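**Q** Below is the structure I would like to discuss, written out as structure tokens.
Residue numbers (our numbering), protein chains in the order written: chain A, 4 to 153; chain B, 89 to 393.
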């Protein structure tokens, strides 16, 4: 019995270590981190897109999820493009980012601000249809110059 | 020996004459007074956005897409092209142009002075434009603010820097100018979509692979390929590359830039989306209908997928 408990405790410690090691790796891997943020924006964004097309009923919580993912991405991204992350990890970030860092960061700040304003403004289907499309159009401002086509 | 020299000279003269005859720029329209009258500015605005004029001719580095001073660099395997000034400035832009000048430029790739334009200006597509659309576009362009300064000259390698050689390129790859005729067996929406995709929107210019001479490979038209501007890939927009897409999905992409995966399109397509968002929803749906009706064509393989 005692032995089992020890093994379990060791396993828990092992898991804990493995988990934090994973977190450390992710923290030191800005390419993976920024990809995860953008993927979250895409994944949470599909439901609101379907609502705009009339393929899904309006759901405020799902819209807020998408906006929060955008807000998180806008807030965390400026720190995730250090000079040593220009290449590798199959990145589609373009070198222009590091040539125009101030503009790039200003656009990320705008993404965060647009998402935040969406979170307060969008309260029902009508306000969603009125302001959500323009928030999406903002994505192109960054993707135009700073992300490779694929 | 003397006979040989004479024969060689005669042959050379014939060759030169043939080259000049074959490469002579041919205009699409002569001066037609009716073309110079009227023109609907609001309809011209739609032609302007459907044709993507601002995407290349808007002055880079500023946000107003109606400041048409040109200067944007277009990279290609042949060198760099710089989009010219098409603002209403009388000397640096096209402020003195007649509608016939615009028609010859767009439909035949011929400048007012008779020189060939490079096909980076997509006249191979615009060759099917309707003259009333050119007239409306001219009316709209005349309302644009004048912008001072000419764009720099193209930087091209030999022999592509000799404009006359474009006569050969046109004979091979540019259709004879003629307005695209509607197919009466198809719905109006499909016909409108075909006109927007094949002529004004000139989608195939980027979404098709090209051969060594820069001609579109017909069997892979709209089937995508490596980005001619550098890093990246231009997607296949025939049904082969659009599996799972509905007309509503395509309409939404053209309006908002959002893909089926929840991604937002990048590169110069962002500018296309800003143009398409100015069109009516019906026009965007017409584009979708036409694209979905294309034969599925397999293009070059994207190594990343």
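Where is the CB? At the ideal position from N, CA and C, for every residue including glycine.
Keep in mind it's a predicted model, so treat the numbers as computed, not measured.
#1: Leaving out the 5 sequence neighbours to the left and right, which residues in its chain are closer than 7 Å to residue 394 (chain B) when beta-carbon positions are compared?
#2: Is the Cβ of residue 112 (chain A) closer than 7 Å to any Cβ of chain B?
#3: Just the C-alpha distance for residue 374 (chain B) and residue 258 (chain B), rounded to the nearest angstrom, thanks.
#4: Assuming residue 98 (chain A) and residue 89 (chain A) are in contact, meaning their beta carbons sit under 8 Å apart, how far apart are those beta carbons, in whole angstroms?
#5: Counting only beta-carbon atoms, is residue 150 (chain A) nearer than 7 Å to chain B?
#6: Please confirm whether residue 45 (chain A) has its beta-carbon closer than 7 Å to some beta-carbon of chain B.
#7: So what does DSSP say about residue 121 (chain A), is it helix, strand or coil?
#8: Distance, Cα to Cα, residue 371 (chain B) vs residue 129 (chain A)?
#9: Could you tell me whether the region 49-68 of chain A touches the region 105-120 of chain A, where touching means 3 or more Cβ pairs closer than 8 Å?
#10: Please state whether DSSP places residue 188 (chain B) in a helix, a strand or coil.
#11: Inspect the beta-carbon positions of residue 387 (chain B) and residue 313 (chain B) and report whether they are closer than 7 Å.
#12: Against chain B, which members of the region 121-138 of chain A pass a CB distance test of less than 8 Å?
#13: Could you give the C-beta distance for residue 169 (chain B) and residue 208 (chain B), rounded to a whole number, given that I count them as a contact under 8 Å?
#14: Taking 7 Å as the CB-CB cut-off, is residue 3 (chain A) touching chain B?
#15: Give the straight-line distance between the Cα atoms of residue 215 (chain B) and residue 286 (chain B), rounded to the nearest whole angstrom.
#16: Would you give the residue range spanned by the beta strand (DSSP E) that residue 168 (chain B) belongs to?
#17: I'd like to know whether the C-beta atoms of residue 347 (chain B) and residue 252 (chain B) end up nearer to each other than 7 Å.
#18: Secondary structure at residue 346 (chain B), three-state DSSP: helix, strand or coil?
#19: Should residue 173 (chain B) go down as buried or exposed, given a rule of 16 or more other Cβ atoms within 10 Å for buried?
#20: Which residues in chain E have a C-beta closer than 8 Å to the C-beta of residue 340 (chain B)? List them in chain order.
#21: Is the region 224-243 of chain B touching the region 127-146 of chain B, taking contact as three or more C-beta pairs under 8 Å?
#22: Residues in its own chain within less than 7 Å of residue 73 (chain A) by CB, not counting five upstream and five downstream?
#23: From the DSSP output, in three-state form, read off residue 97 (chain B) for me.
#24: On the CB-based measure, 16 or more other CB atoms within 10 Å of its CB, does residue 120 (chain A) come out buried or exposed?
#25: Confirm, please, whether the CB-CB distance from residue 139 (chain B) to residue 147 (chain B) is below 7 Å.
#26: Locate the beta strand (DSSP E) running through residue 164 (chain B), then write down its first and last residues.
#27: May I ask whether a heavy atom of the ligand GTP can be found less than 6 Å away from the beta carbon of residue 109 (chain B)?
#28: For residue 26 (chain A), which residues of its own chain have a beta-carbon under 8 Å away from its beta-carbon, when the five flanking residues on both sides are left out?
#29: On the premise that residue 211 (chain B) lies in contact with residue 171 (chain B), defined as a C-beta separation below 8 Å, what is that separation, rounded to the nearest angstrom?
**A** Taking the geometry as given:
#1: Any property of residue 394 (chain B) remains undetermined from this structure, which presents chain B solely from 89 to 393.
#2: no
#3: In this structure, the CA atom of residue 374 (chain B) is about 29 Å from the CA atom of residue 258 (chain B).
#4: 6 Å
#5: For residue 150 (chain A), the nearest CB of chain B lies under 7 Å from its own CB, placing it at the interface with that chain.
#6: yes
#7: helix
#8: Approximately 24 Å between the Cα atoms of the pair.
#9: no
#10: helix
#11: In this structure, residue 313 (chain B) lies closer than 7 Å to residue 387 (chain B) by Cβ.
#12: 136
#13: 4 Å
#14: The requested residue 3 (chain A) does not occur in the structure, where chain A is confined to residues 4 to 153.
#15: 10 Å
#16: Here the beta strand (DSSP E) through residue 168 (chain B) covers 167-170.
#17: no
#18: strand
#19: buried
#20: No chain E appears in the structure shown, which is made up of the protein chains A and B.
#21: yes
#22: Closer than 7 Å at Cβ, skipping near neighbours: 44, 114 and 118.
#23: Helix.
#24: exposed
#25: no
#26: 161-164
#27: The ligand GTP is not among the ligands present in this structure, which contains no ligands whatsoever.
#28: In this prediction, residue 26 (chain A) scores a pLDDT of 45, lower than 50, which makes its location untrustworthy; no coordinate-derived value is stated.
#29: Going by Cβ atoms, the distance from residue 171 (chain B) to residue 211 (chain B) rounds to 14 Å, so no, they are not a contact pair.
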